[in-house]
Structures are given as structure tokens and as C-alpha cells.
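Comments concern the structure below.
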Amino acid sequence: MNTTISIEPLTRIEGHARISIDLDEAGNVADSRLHILSLRGFEQFICGRPAEEIPRIVTRICGICPWMHHLASVKAVDACFGVKPPPTGALLRELCQVMAHINDKILHFFFLAAPDFILGPDADYSVRSIMGIVRADPELANRVAAMRKLGQQLLEEFAGRAIHPVAGVSGGFSKPMTKEERQRLQQGCRTLLEFAVFALTYGRDEVLNKYQNILQTLGRIETGFLGTVDTNGAMRLYDGDLRLMKADGSFTDFAPEQYKEHIKEHVENWSYGKMPWADSWQEGFSMDLDRPRGIYRTNTLARINICDHISTPIAQEALEEFRDLFGRPAQGTLLYHWARLIELVYTCERSLELLADDRITGDMIRHNVQPGAGRGVGHVEAPRGTLIHEYTTDENGCITSANMIVGTTHNLAPMNMSVRQAATDLIKNGHYDEGILNRIEMAVRAYDP
Amino acid sequence: MNIRLAAESLHSCSGCEISLLNIGEALIPLLNRLQLVHLPLLMDHKYSDPAGSETEISIPKAEIGLVSGGVANTHQLQVLEAMRKSCTTLVALGTCGTHGGIPAMINEWPMADALQTVFSTVTTEPVDVPNQDTPPMLDRVYSLDEKTDVDIFLPGCPPDPTIIARVLEDFLDGLTPEPVTKSVCDTCPTRRTGKSERKLLRFTANARFDSNESTASMQCLLEQGFLCMGPVTAGGCGHQGEPACIRARVPCRGCYGPVRHQDNQMLGMLNGLVSQGIDFKTIIDRKSMLRFSGAHGRLRPLKEKKRAS
Amino acid sequence: MRPEHKPKIIAFCCNWCGYAAADLAGIQRIQYPDSLRIIRVMCSGMVHPEMVLHALNKGADGVMIIGCQLGECHYIDGNEKAMARAELIDELLEDFGFENDRFLITRLSSSESEQFARTVGTMHKRVLELGPNPNSNQDNGDTP
Ligand code: SF4
Ligand code: SF4
Ligand code: SF4
Ligand code: FES
Numbered sequence: 234m235n236t237t238i239s240i241e242p243l244t245r246i247e248g249h250a251r252i253s254i255d256l257d258e259a260g261n262v263a264d265s266r267l268h269i270l271s272l273r274g275f276e277q278f279i280c281g282r283p284a285e286e287i288p289r290i291v292t293r294i295c296g297i298c299p300w301m302h303h304l305a306s307v308k309a310v311d312a313c314f315g316v317k318p319p320p321t322g323a324l325l326r327e328l329c330q331v332m333a334h335i336n337d338k339i340l341h342f343f344f345l346a347a348p349d350f351i352l353g354p355d356a357d358y359s360v361r362s363i364m365g366i367v368r369a370d371p372e373l374a375n376r377v378a379a380m381r382k383l384g385q386q387l388l389e390e391f392a393g394r395a396i397h398p399v400a401g402v403s404g405g406f407s408k409p410m411t412k413e414e415r416q417r418l419q420q421g422c423r424t425l426l427e428f429a430v431f432a433l434t435y436g437r438d439e440v441l442n443k444y445q446n447i448l449q450t451l452g453r454i455e456t457g458f459l460g461t462v463d464t465n466g467a468m469r470l471y472d473g474d475l476r477l478m479k480a481d482g483s484f485t486d487f488a489p490e491q492y493k494e495h496i497k498e499h500v501e502n503w504s505y506g507k508m509p510w511a512d513s514w515q516e517g518f519s520m521d522l523d524r525p526r527g528i529y530r531t532n533t534l535a536r537i538n539i540c541d542h543i544s545t546p547i548a549q550e551a552l553e554e555f556r557d558l559f560g561r562p563a564q565g566t567l568l569y570h571w572a573r574l575i576e577l578v579y580t581c582e583r584s585l586e587l588l589a590d591d592r593i594t595g596d597m598i599r600h601n602v603q604p605g606a607g608r609g610v611g612h613v614e615a616p617r618g619t620l621i622h623e624y625t626t627d628e629n630g631c632i633t634s635a636n637m638i639v640g641t642t643h644n645l646a647p648m649n650m651s652v653r654q655a656a657t658d659l660i661k662n663g664h665y666d667e668g669i670l671n672r673i674e675m676a677v678r679a680y681d682p
Numbered sequence: 014m015n016i017r018l019a020a021e022s023l024h025s026c027s028g029c030e031i032s033l034l035n036i037g038e039a040l041i042p043l044l045n046r047l048q049l050v051h052l053p054l055l056m057d058h059k060y061s062d063p064a065g066s067e068t069e070i071s072i073p074k075a076e077i078g079l080v081s082g083g084v085a086n087t088h089q090l091q092v093l094e095a096m097r098k099s100c101t102t103l104v105a106l107g108t109c110g111t112h113g114g115i116p117a118m119i120n121e122w123p124m125a126d127a128l129q130t131v132f133s134t135v136t137t138e139p140v141d142v143p144n145q146d147t148p149p150m151l152d153r154v155y156s157l158d159e160k161t162d163v164d165i166f167l168p169g170c171p172p173d174p175t176i177i178a179r180v181l182e183d184f185l186d187g188l189t190p191e192p193v194t195k196s197v198c199d200t201c202p203t204r205r206t207g208k209s210e211r212k213l214l215r216f217t218a219n220a221r222f223d224s225n226e227s228t229a230s231m232q233c234l235l236e237q238g239f240l241c242m243g244p245v246t247a248g249g250c251g252h253q254g255e256p257a258c259i260r261a262r263v264p265c266r267g268c269y270g271p272v273r274h275q276d277n278q279m280l281g282m283l284n285g286l287v288s289q290g291i292d293f294k295t296i297i298d299r300k301s302m303l304r305f306s307g308a309h310g311r312l313r314p315l316k317e318k319k320r321a322s
Numbered sequence: 008m009r010p011e012h013k014p015k016i017i018a019f020c021c022n023w024c025g026y027a028a029a030d031l032a033g034i035q036r037i038q039y040p041d042s043l044r045i046i047r048v049m050c051s052g053m054v055h056p057e058m059v060l061h062a063l064n065k066g067a068d069g070v071m072i073i074g075c076q077l078g079e080c081h082y083i084d085g086n087e088k089a090m091a092r093a094e095l096i097d098e099l100l101e102d103f104g105f106e107n108d109r110f111l112i113t114r115l116s117s118s119e120s121e122q123f124a125r126t127v128g129t130m131h132k133r134v135l136e137l138g139p140n141p142n143s144n145q146d147n148g149d150t151p
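Residue numbers (the working numbering), protein chains in the order written: chain W, 234 to 682; chain Y, 14 to 322; chain U, 8 to 151.
Put into C-alpha cells, the structure is as follows:
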């Protein structure tokens, strides 16, 4: 009799998902699916509302990366109304965005992913969690908790709110930065950078090196990548051009406004999550493991792969080491974790770089805006991938239509493939246990959905 | 004494759980006093045996259960019922759970229309709405107390970490948490002069303030002519004596829901504005005043004739 | 399907005029529809829109506010506030799924008992035409 294994809920990820794996009569994997179970309809309910309010609404798409939606949205609204923020406003926005990345990466690596490595993929589920780390290594746990708190606090003290922010406003930013605030932030970011450098070494030596055997193999698939770079090809998170790279390393760069010429979204009738794919490659869409078509990935590994270099010194050094080991583009799915730690270092370095710019304490933070008819695309690199918001507005400056491609969704097709790959590899002749099922989830967790 | 804690998130954004984690260092002693039995964001307890013999959702018994998010599909409803069965005290964590939250804005449209819109955006291949192995959506988004008995309401989008920590500590110490009775204005230090604008402005220009001075020297934003929902919103956000958005010098949008659970934020606010002689017809998109509390039938699709016009 | 619709109308009557007029109508034995349920308030200015909505949500088929004639409010300008609010209520009822004809505000002096009965009669007819309250949240069916 054929059986279906179901893993529900997927745990230590953001959001709501279930995996089902169909076994054939011999007990081998016949099919598998990663189902996204709910849908909220933001594209519908922001319609008719004044566009300047949208950045305060779409934050609720995701409570883990609300700054990303906030800022992609504010950029889209700027474009609808035809304004650009003054330099100080833009610096303040970018600072908040990269600082939010810092907090997210600490959360993901230590709270969500690390238990699998520090306590082991086969540890009992009651132990294999941050609480297990609290018991196994209380010093580390305390340090991680303190760093997360510091990161969130710095943002909150300066911008009012860390979760579901409000300080990004059409035309700029809602408040300037005082000299004292700048000093406090600089001090805090230095502490965070120190921790990031520790995390990178700790992650590489204590965690990833010990799992060499699965780092390159678990959930491994061959795909293209999408991310953002500046005109010099350096990695960027807040703005820049999109770069879409094929699995063979060749790539095209294009302005974010042109996303529709490159990306389409595929729908399977067993999931509410849409699956973006590269239409411009003109090869169609297929999640076939041996011959995938149109499949690309986003998020940390993608950004590390597509960029020519990183503009800050410590992260660049780490990138070089990474490339020596794994090549470009690197395809191992668990390498997402490694790439995440490199980005953690970059975001700390970048925060300090932005804080060092004297314009950041300027008074001119916001241009007055005139609501009106328009169309605008806003994009940022969110922790989970390239995030795109596009709106059109009527003459009152109210939304008439919206399209959003959320970071995580780019990786839905690849995640489905990684699940299939891991399951096929690990489940044989009907044999599986908790440790094996957790390894399949680890393939998903690498993407940090 | 070992207090067991279970947590679930339904029609939500996970922000409430992140706020829980933002308790920071103080979280660790808390975690040591609590025994987590189910919390999908942090630990790997599953609903049932993967072999699928039991399709029931099983959640271990717990003294305290935190549920964030409202209810919008059949699956979320099952999870909520399972939580209710397993938990002695059920806490609605966050405004989605207490009043529907942002996702309940969809209640202004028939659910089928909303699904249609999502699956027909410019970049989406022309398809039918997924309907296989995807839990059917309910007719609208419900708050938790519309679907089950809730013992403690903890609004906020998300509730401030200090509020969550205090409730958990109270619970561990055997105390009943005090409900909020203050509004955001009651906790706001801004200067009130008694003189206000007669017309409301859109927030397309910043408020007037001196950035080197504290918020206490800034004139009340409502008086400056910006719609600020402070008067009709439950207080508790922010620390150090200033509401969180006011700290960022932007007006309140009402994310903690109404001051008393059953109040209507839009009616309350408009009533206040009208009593002050402000022309409510100049307000663009008044239904946004219910953007955090659209459950309980507050937001609903307009009758056909009105929508067409 | 209900065989016969027996509407319920809630009337918030201010103590000094609306309620006095109703009282007088009673003393004079003037006939008016039994659909009326009077709630006495000190002044029409204290009826928050929330109370009107609450009545409708709880199943009332119509709601009236009856205060003093302009200039005669015993609290100076309570009835003017009530008028401003009534405009709001009129506008908002459709947002909450109710026909705005289910609401009526009016002003009477304490001696206008005939007028009182006529207004109630008008409202009664209006509500009969609209039919039962469509959107009442009431689901226990405890109609007396
Ligand atoms: S209340 Fe706010 S933070 Fe909590 S789940 Fe809902 S949207 Fe997210
Ligand atoms: S209306 Fe807004 S700014 Fe004014 S006191 Fe209330 S919360 Fe503060
Ligand atoms: S000021 Fe208002 S919108 Fe802002 S956090 Fe507080 S309650 Fe929420
Ligand atoms: S006292 Fe009758 S309306 Fe004010």
C-alpha cells in the first residue's frame, strides 16, 4: 500500500507549512510537496487606501522582517508620487534596513538553525532547540540573547519601533538623528560587529566544519540565483540593480522596474504560495531534479554568489575564503548558513560605514510630497530574498492595484526541490525515523523561509 | 512548580513571537521556569505521528497557552480548538487574536474576490485558486474570541516584550494580570494647547517638532492636524513614558485595538472629531480607523450597489 | 421565514423633552405602535454613536434619538452635538451593514405628545417597509 508521510507543522521556520512525502510500494519516494497553508490577501486590501499609509500596513506581511516590507513599500510610494528622499533620509532608511538584517541573522542562525548543529540532527526534539542550547552552553545562549536585545533596542530607541516600524515615510524619514543618538548607535554597532566576527569563526569552526559531509550534499540542487549589486558589482541590500545568474555563472543585470520582463509566478493547486521563476531564460518552469527549468534561488547564498565582491573588508575576506572552498556559484543548500554569517559581518560593517557619514545627522530628512496618480516599483534585499512591491495610484494618491513578490516565495520552488532531493536520498525501502525527517526539514531551514 | 507553556500562531505574521524573543536576557530565566511543550517557531513538537494514522491535531497539556493570529481557514480553526482543549488558560496574544488585526482588513471584501485578486496579479500565470490540500478559507477573518473562549486578552501589534514578560511572570507567581484601562493619549507626553486644526491633513509632510528636544515639547499631533488614533487606542506600547510611534514623531494608528475590548475605534474616533467640530467628511478612507480591529463584524463587504458606484 | 414581522424600535429620549412628550402621550392615552422601547437619557447629547450601533447589532430594527428643540437643550448645546453625530451615524450605518433609514433623530418640546406619536408611527412604518434587521449579530433568537 502506498503511504504518505506528513510533517506538520514545519518547525523553527517563520510561517505555516507542511511537507508531504508520498512513498511507492517499495517504500521509496514517489513525490513530495511543501504546502503553504494560508494566504492573507494584502494585494486586495491595500486597494483604495492612501498610498502613504501602505508602508505602515504591509509590515504585517512578516513580523520577522517588517523593515524590509516597510522600506520596499516606502520606495514604491515615493515612485508613485514622483519624489526621492533627500540624502540624509536615504541614509537613515538604509541604516535601519541593514541593522534589521543584523537582528534577523542572529535570530535565524542561533535560535532557529543552530540547534540542529550544536545539539545534532538526531537529538531528541525536546532538547533540540534554543532551550537545549541554554542548557548545553548557557554562556553562548546569554551572549546571543544579549546581542539580539541590543540590536533590537538600538533600532527601537532611534526609530520608535523595531517590529512593525513607522519611521520610513514617503519622501524620506520621520525624524533626524541627533549627535548623541549617532554615538550610541556607533558604540552598539561596534559591539555587534565584534559579535559577528565571533559568530563567523564560531559558525565555521564549531558548527559547519563538523558537518562537512552534509554541508554540500543535503538538499543540494543546481539552480540560478537572484540578488542585488551596485554598478561595480558589489553586494548591496538597500538599492541597486538586480542580477539574475544562471547555474553556469553567466548573468544579466537589470533595473528593478523591469522585474516583470524577467520574472513570472507559477501556481500549483496544492499550495497557496506562488513560485516565481525566470521567464526571461525562455526555458519554461520545471522542478525536475535532473533538469530544472527557470529555477533560481534568492537569500544569502544567492547574494554571495551573484556579487563580484563585497565592499567592506572583513566580509570580503570571508567571501574570498568561501569562494576558494566552494567556487562560484556555490550550490550546496546548507551553505546558506555560511553565507548568512558572512552577510552578518557585512551588515555590521555597513552600519558603521553609514554612521561614519556626516550627512547622517543632517536636518533635511523629508521632502513634502504631493499625492497623485502614478506607478512605482520599490525593492530591497530582504533576509529571505529580493523583495518587490509595485503599486499604481489614482489622482488622489490612493492605491488602485498592487503586486508583491515576497522574499521567501522566490525560494518556494527550490525548497520543494530540496525537500524532494533530501527525501529521495534519505528515505529508502520504507525506512525513516525522526532524525531523517528532521534532516529533511534542515534542508528547508537553510532557506530560512 | 512546573508550569507548562504551549504556543501557536494562526493567521499571523510571527511578530508576536519575535516580540516574545525580544524579552532578551530576561527570557532565559523565564524559559528556565517554564516548560515549553509546543512552540513551532522554536521547537520541533509536531501535531501527530508522521505516518499519518492519526489525523487529529494533538497538542500536549499545558497550564498556559499563547495563541497569536486570528482565524481565517479551517485548519487554523482546528489548531485553535486543539489549543483550547489542551490549555487551562488561553491567552490571545496580539491584536490579530484579540481584534482580527491587519489581516482582518480583508473583511471589507468577499473572501472569494480577495483570492481571485491575489491569483491574478500581473506576474501570476492565469490559474484557478489552489484548492487541493490547501485548507479552505472561511468567509472572513475572525478574532479568537469569536471562535472559542479566551481567558486573557493581550493586544498589541505586537504587544511590547515587557508586557509579555510581565504576564508570564504574573502567571508564574500566581497573579492575575491587570487589564489595560488607559488610552495611548493617557501615556503620551506631548504638549496639548487646546487649539486644534479644523481639517485633517494626510501624513505627507512631517510634524512640527524640535529634534533636539524630547517629545514632551512637541505639540500633540492631533492638534497639529494629523489623524492620531491615540484617544481611542489602548495604551501600553513604548517605554520611558512615550508611545512608540510618538517617539518616532508619527501619529498613532491604533495598533493596540480599542481601550475597552468591545469598543469601536472608528466610531469612537469620529465621534470625538465631530464633537470638536472637525468635518469628518474630509477624512480619506475612514475605514482605515478599523485597520486593527476589523473582526467582530466591524469591517464587512459593502452591499453590491454601494461597491459598484 | 417569519410569518409576521414585529419590529422593535429603540428610542433614546432625553429626560426633559423627548421623555416628557412620551409621558404626556401616555397620560393623554394617545395610541402609538407597540414596537417602541424607550430608554431615558439625561440629554440627547450623551447618546454615543456606539449605543446606536450596539442596539442594531443586538437586533433592534430601528433606533431613534429624541431630544429638545434647538435652543432648548437643558445642557446648552447637547442637541446640537447630537445633530452633528446624527450626520455621522447616517453616513456610517451602511459601513456596518445597516440601511441608514433604520435611524432617525428628531426634536420635540415636552408638550408635543401628538407629534411624538406621529413620529413613532412614521418610524414604525419605515421599519416595516425595510423588513427585519438583516445584520443583527444576535443568534440566540430570544425575540420576546
Ligand atoms: S498582532 Fe501584529 S505582530 Fe502579532 S501576529 Fe498580528 S500582525 Fe503580527
Ligand atoms: S492624540 Fe496622539 S499626539 Fe495627541 S496626545 Fe494623543 S497620542 Fe499623543
Ligand atoms: S502609538 Fe499607536 S500605533 Fe503606535 S505602537 Fe502605540 S498603539 Fe500602536
Ligand atoms: S436636554 Fe434634551 S436634548 Fe439636551
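Think of the CB as a built atom: it goes at the ideal place given N, C-alpha and C, for glycine as much as any other residue. Predicted model only: the values in this text are computed from it and were never measured.
Along chain Y, in chain order, which residues have C-beta atoms closer than 7 Å to that of residue i?
i: residue 56 of chain U; result: 280 and 284
Measuring from the CB of residue i, is there a heavy atom of ligand 2 at a distance below 7 Å?
i: residue 244 of chain Y; result: yes
i: residue 599 of chain W; result: no
Alpha carbon to alpha carbon, how far is residue i from residue j?
i: residue 139 of chain U; j: residue 106 of chain U; result: 11 Å
i: residue 126 of chain U; j: residue 29 of chain U; result: 11 Å
i: residue 669 of chain W; j: residue 364 of chain W; result: 22 Å
i: residue 416 of chain W; j: residue 426 of chain W; result: 15 Å
i: residue 736 of chain W; j: residue 460 of chain W; result: Not covered by the structure: residue 736 of chain W. The range shown for chain W is 234 to 682.
i: residue 124 of chain Y; j: residue 272 of chain W; result: 11 Å
i: residue 47 of chain U; j: residue 53 of chain U; result: 11 Å
i: residue 151 of chain Y; j: residue 165 of chain Y; result: 24 Å
i: residue 251 of chain Y; j: residue 466 of chain W; result: 41 Å
i: residue 149 of chain U; j: residue 160 of chain Y; result: Because residue 149 of chain U carries a pLDDT of 33, less than 50, the predicted location of this residue cannot be relied on, and the following value inherits that uncertainty. Taking the straight line joining both Cα atoms gives about 21 Å.
i: residue 525 of chain W; j: residue 519 of chain W; result: 5 Å
i: residue 326 of chain W; j: residue 411 of chain W; result: 15 Å
i: residue 344 of chain W; j: residue 428 of chain W; result: 15 Å
i: residue 457 of chain W; j: residue 299 of chain Y; result: 46 Å
i: residue 293 of chain W; j: residue 20 of chain U; result: 44 Å
i: residue 157 of chain U; j: residue 65 of chain U; result: The first residue shown for chain U is 8 and the last is 151, placing residue 157 of chain U beyond what the model contains.
Does the Cβ of residue i lie closer than 7 Å to at least one heavy atom of ligand 1?
i: residue 175 of chain Y; result: no
i: residue 546 of chain W; result: no
i: residue 290 of chain W; result: no
Does the distance between the C-beta of residue i and the nearest non-hydrogen atom of ligand 4 fall short of 7 Å?
i: residue 55 of chain U; result: no
i: residue 51 of chain U; result: yes
i: residue 300 of chain W; result: no
i: residue 86 of chain Y; result: no
i: residue 74 of chain U; result: yes
i: residue 78 of chain U; result: no
Using a Cβ cut-off of 7 Å, pull out every chain C residue sitting near residue i, in sequence order please.
i: residue 277 of chain Y; result: Absent from the structure is chain C; the protein chains it does hold are W, Y and U.
Between which two residues does the beta strand (DSSP E) carrying residue i extend?
i: residue 34 of chain Y; result: No beta strand (DSSP E) contains residue 34 of chain Y, which is instead part of the alpha helix (DSSP H) from 28–34.
i: residue 306 of chain W; result: Not the beta strand (DSSP E): residue 306 of chain W falls in the alpha helix (DSSP H), residues 299–314.
i: residue 100 of chain Y; result: 100–106
i: residue 132 of chain U; result: Per DSSP, residue 132 of chain U belongs to no beta strand (DSSP E); it is in the alpha helix (DSSP H), 120–137.
i: residue 539 of chain W; result: No beta strand (DSSP E) holds residue 539 of chain W; the alpha helix (DSSP H) holding it covers 533–539.
Taking the continuous alpha helix (DSSP H) assigned at residue i, which residues delimit it?
i: residue 549 of chain W; result: 546–559
Residue i touches chain Y at which residues, Cβ-Cβ below 8 Å?
i: residue 67 of chain U; result: Within 8 Å Cβ-Cβ: nothing; residue 67 of chain U doesn't reach chain Y, min ~15 Å.
If the cut is a Cβ gap below 8 Å, which residues of chain W does residue i touch?
i: residue 152 of chain Y; result: Near residue 152 of chain Y there are no residues of chain W at all, since even the closest Cβ is about 13 Å away, more than 8 Å.
What does residue i touch in chain U if you count any residue whose Cβ is under 9 Å from its own?
i: residue 313 of chain Y; result: 102, 103, 104 and 142
Query raised in the report: Quick check: the stretch 158–172 of chain Y against the stretch 551–566 of chain W, are there 3 or more CB pairs under 8 Å?
Result: no
Query raised in the report: With a cut-off of 8 Å, do at least 3 Cβ pairs link the stretch 323–334 of chain W to the stretch 573–583 of chain W?
Result: yes
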